[in-house]
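K.L.:
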Amino acid sequence: MAPPVPALLDIPWSTSTVSVSIIDTSLIARNTSSSMLFGPSIPGLEGLDFGCWSFLIDHPDGRLVYDLGFPTEWETDFPPHTVDLIRDYFDTGMAYTAPQYTSDILESGGVSLDTIDAIIWSHTHVDHVGRPSLFPPSTDLIVGEGTLETFGLGYPDSPDSPYLAREFANRTVREIPFPSNATRIGGLAAYDYFDDGSFYILEAPGHEIGHVNALARISNDPPSFIYMGGDSFHHSSQLRPNRYTPLPKQIYLEEPINSAPNPVPGELFAKLHPSRRLPALPDYAVNLTSPYNTPLVAINLYDDGGSHARFPEIARDVISKMQAFDADDRVLIVVAHDETLRGVVDLFPKKVDQSRIKEWKKRSRWQFVGDYDEALALLQEEEGREV
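Under the UniProt record's numbering, the first residue of the sequence shown is numbered 1, with each subsequent residue one higher.
(1) What does DSSP give as the partner residues of S54 in its beta bridges?
(2) Per DSSP, which residues does N220 bridge with? Please list them.
(3) If we call anything under 7 angstroms between Cβ atoms a contact, is P97 one with S54?
(4) Tell me whether I201 sits in a helix, a strand or coil according to DSSP, three-state version.
(5) Helix, strand or coil for Y66, going by three-state DSSP, please let me know.
(6) Excluding the 5 residues preceding and the 5 following L379 in the sequence, name in chain order all residues of the same chain whose CB lies nearer than 7 angstroms to its CB.
(7) For A29, which of helix, strand or coil comes out of DSSP?
(8) Are the stretch 253-264 and the stretch 361-376 touching, with three or more C-beta to C-beta distances below 8 angstroms?
(9) Please classify P136 as buried or exposed, where buried requires at least 16 neighbouring CB atoms within 10 angstroms.
(10) Kindly indicate which three-state DSSP category V387 falls into: helix, strand or coil?
(11) Give me whichever residues DSSP pairs with E175 in a beta bridge.
(12) Starting from P279, follow its DSSP beta bridges and name the residues at the other end.
(13) May I have a chain-ordered list of the beta strand (DSSP E) segments no shorter than 3 residues that lie completely inside the stretch 310-376?
(14) Would you check if there are 3 or more beta carbon pairs closer than 8 angstroms linking the stretch 32-52 to the stretch 190-198?
(15) Compare the Cα-Cα distances from K249 to each of D77, P223, L268 and E255 and report the closest residue.
(16) Can you tell me which of A182, S122, I226 and T183 puts its alpha carbon nearest to the alpha carbon of D346?
(17) Would you say Y66 and M322 are within 7 angstroms of each other, going by their C-beta atoms?
(18) Have a look at G370 and T340 and give me their C-alpha separation to the nearest angstrom.
(19) Determine the extent of the alpha helix (DSSP H) in which L188 is found, giving its start and end residues.
(20) Using a Cβ-Cβ cut-off of 6 angstroms (strictly less than) and excluding sequence neighbours within five positions of P205, which residues of its own chain qualify?
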């Protein structure tokens with residue numbers, strides 16, 4: 001039986017477009033605990049390595065940057081309590097380095113910072129805010145609704161703020177409103193930034209207060225879009241498989257793994273799914289009922305009830321809505337830490353070529369399976385002992 005086809009995304013018609021470049025912010029994140037980000041835990045996938053993508057958006061009426069990544073001089077680029085929090089994470093074995101500020105990367109690529117009209121923060125976490133103070137005061141800072149009330153104008157003016165007041169100093173800071181009657185795209189409230197349908201800021205709460213995504217129309221004949229997902233999810237196994245994009249019978253990997261033939265049999269990968277492995281699913285994963293059309297993992301809850309997401313139930317709902325975008329051949333989803341796109345998509349200073357969207361989607365869609373190499377090896381060892 002063919003998978004259900006989502007209703008055509010309700011993206012308002014427009015002939016206006018923007019150009020988009022995907023920027024490698026130079027972040028090198030090592031050994032981030034997978035169980036901190038999602039679950040149920042799968043033996044063999046304990047630590048994740050990833051970078052961070054940001055975006056340059058060009059429109060005839062303005063130039064934007066969505067996210068700035070992790071700052072190079074992080075020990076002086078954050079308030080003392082944020083630096084202590086980062087060190088606490090590093091004490092667990094994680095490591096973050098960013099050899100270049102995104103502002104330096106832009107300038108090296110021929111973009112003068114005084115041509116940037118605004119920076120959009122997807123949210124206020126340390127690996128996204130970068131250092132806006134390196135941009136001229138003419139560059140506005142745009143944040144999601146609730147950011148200023150929650151986190152204030154920066155430390156020390158707001159003692160508990162995770163960022164420094166210098167990042168806001170002498171520049172206009174704008175908070176995007178999402179009224180109850182806002183246009184909705186794919187179920188998410190949308191703000192038409194240039195008022196012409198070329199670029200929407202999307203309310204995508206859950207991961208953090210004020211978390212926003214963005215949808216950029218990069219062509220109109222045929223229409224194609226880049227969906228900028230921030231930290232809506234951290235690994236593609238939180239998104240796929242799903243009812244629109246079920247697990248295929250064969251999964252071709254561009255980089256073969258040791259634990260399985262290439263292509264990887266879908267039925268082998270299905271054995272890792274919690275519905276196959278666990279006698280009972282935890283409450284946060286009750287919807288992970290099938291290895292064929294529900295994701296492998298979900299935003300989890302810790303034993304103490306906490307979560308990496310501020311509002312985990314809402315964050316899971318955002319991912320569910322993103323599945324329809326992902327199933328649309330016109331839309332390429334790029335979340336901040338998706339390593340399956342590395343070596344597939346063109347990076348800044350190149351611009352995204354709309355004619356390659358479908359190719360990039362097809363090549364990258366199931367490459368996350370390669371991250372489960374050790375997990376598949378452990379699974380087959382266990383099966384061998386049981387024979």
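Glycine is no exception: its CB is placed at the ideal position from the N, C-alpha and C atoms.
P.N.:
According to the structure shown:
(1) I23
(2) P223
(3) Note that residue 97 is Thr in the sequence shown here, rather than Pro. No; because the gap between Cβ atoms is not below 7 angstroms, this pair is not in contact.
(4) strand
(5) strand
(6) K271 and L272
(7) strand
(8) yes
(9) exposed
(10) Any reading at V387 must be qualified, since the residue scores a pLDDT of 39, below 50, and its modelled position is unreliable; the value itself is stated next. Coil at V387, not helix or strand.
(11) V143
(12) P279 pairs with nothing; no bridge assigned.
(13) 331-334
(14) no
(15) L268
(16) I226
(17) no
(18) 9 angstroms
(19) Premise fails: L188 lies in the beta strand (DSSP E), L188 to D192, not in any alpha helix (DSSP H).
(20) H211 and I314
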